[in-house]
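Notes follow once the structure below has been shown.
Numbering (UniProt numbering), first residue to last: 1 to 238.
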């Protein structure tokens, strides 16, 4: 009996370590704008579990801003550095004239992104979104860039999200030419997501009506859960 209990304890320990390694490896991954996933936000951590990437046939516009750290944003960056086990080289002092800065990258072209999600190419992704109302779109990231990528982002006159194969890439325009940003060197310490509002199309199938940001509410005639439209469709059939 003792041998069975010991074996069980070893198995549980191995499984726990395996799960922890998977979780830790995700924490160190670089988040990509435009992916679909689920947010976990509690007192201790805020994380995003990617479940898929929509297919994009055209570039999606992205806004790039260089903003000064605040006490709150620097606390998030400091917490990120602690989680990945790296030393903190930046300092924050709001009494100084020159405050350390970071970048915000935000998707701005929601019209074309919505069209892409509703297209036939993303039929599988759309079904996932219909079935799971907790899934969201990663629309904004806050990051610190290294010395090689910082001037590229700072001088960008335009930015866009493109897809090559099964991966998303960020391109920025400098002096009339687009340059790919090396995302592996970006320290992403915060992110924002957007939800969806649903409506019935002319064929009485659920499609995305709006991509919502910042806790906005769905407008009249749309629902925040696609499954609620089933009741509407059943009522219309009566």
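Virtual Cβ for every residue (Gly too), placed ideally from N, Cα, C.
List the endpoints of the continuous beta strand (DSSP E) containing residue i.
{"i": "residue 179", "result": "177 to 180"}
{"i": "residue 50", "result": "46 to 52"}
{"i": "residue 174", "result": "167 to 174"}
{"i": "residue 145", "result": "136 to 145"}
{"i": "residue 68", "result": "60 to 68"}
In the DSSP assignment, find the alpha helix (DSSP H) that holds residue i and state where it starts and stops.
{"i": "residue 131", "result": "123 to 131"}
{"i": "residue 151", "result": "150 to 154"}
{"i": "residue 82", "result": "71 to 84"}
{"i": "residue 220", "result": "Here residue 220 belongs to no alpha helix (DSSP H), and DSSP marks it neither H nor E."}
How many whole angstroms separate the CB atoms of residue i and residue j, which I take to be in contact at a CB cut-off of 8 Å?
{"i": "residue 224", "j": "residue 100", "result": "Actually they do not touch by this definition, with Cβ atoms about 38 Å apart."}
{"i": "residue 63", "j": "residue 108", "result": "5 Å"}
{"i": "residue 38", "j": "residue 135", "result": "6 Å"}
{"i": "residue 128", "j": "residue 51", "result": "7 Å"}
{"i": "residue 207", "j": "residue 199", "result": "6 Å"}
{"i": "residue 103", "j": "residue 65", "result": "7 Å"}
What residue from the options has the CA that sits closest to residue i's CA?
{"i": "residue 92", "options": "75, 103 and 83", "result": "75"}
{"i": "residue 221", "options": "213, 214 and 197", "result": "197"}
{"i": "residue 113", "options": "138, 95 and 130", "result": "138"}
{"i": "residue 46", "options": "60, 59, 53 and 31", "result": "31"}
{"i": "residue 165", "options": "56, 50 and 51", "result": "56"}
{"i": "residue 130", "options": "202, 88, 60 and 195", "result": "195"}
{"i": "residue 60", "options": "200, 213 and 161", "result": "161"}
{"i": "residue 182", "options": "110, 33 and 170", "result": "170"}
{"i": "residue 230", "options": "212, 201, 218 and 213", "result": "201"}
{"i": "residue 94", "options": "72, 163, 83 and 115", "result": "72"}
So what's residue i in DSSP terms, helix, strand or just coil?
{"i": "residue 161", "result": "strand"}
{"i": "residue 41", "result": "strand"}
{"i": "residue 199", "result": "strand"}
{"i": "residue 229", "result": "helix"}
{"i": "residue 108", "result": "coil"}
{"i": "residue 187", "result": "strand"}
{"i": "residue 213", "result": "coil"}
{"i": "residue 95", "result": "coil"}
Measuring CB atoms only, is the segment 187 to 202 touching the segment 137 to 145, in the sense that at least three cross pairs come out at less than 8 Å?
yes
With a cut-off of 8 Å, do at least 3 Cβ pairs link the segment 169 to 187 to the segment 146 to 153?
yes
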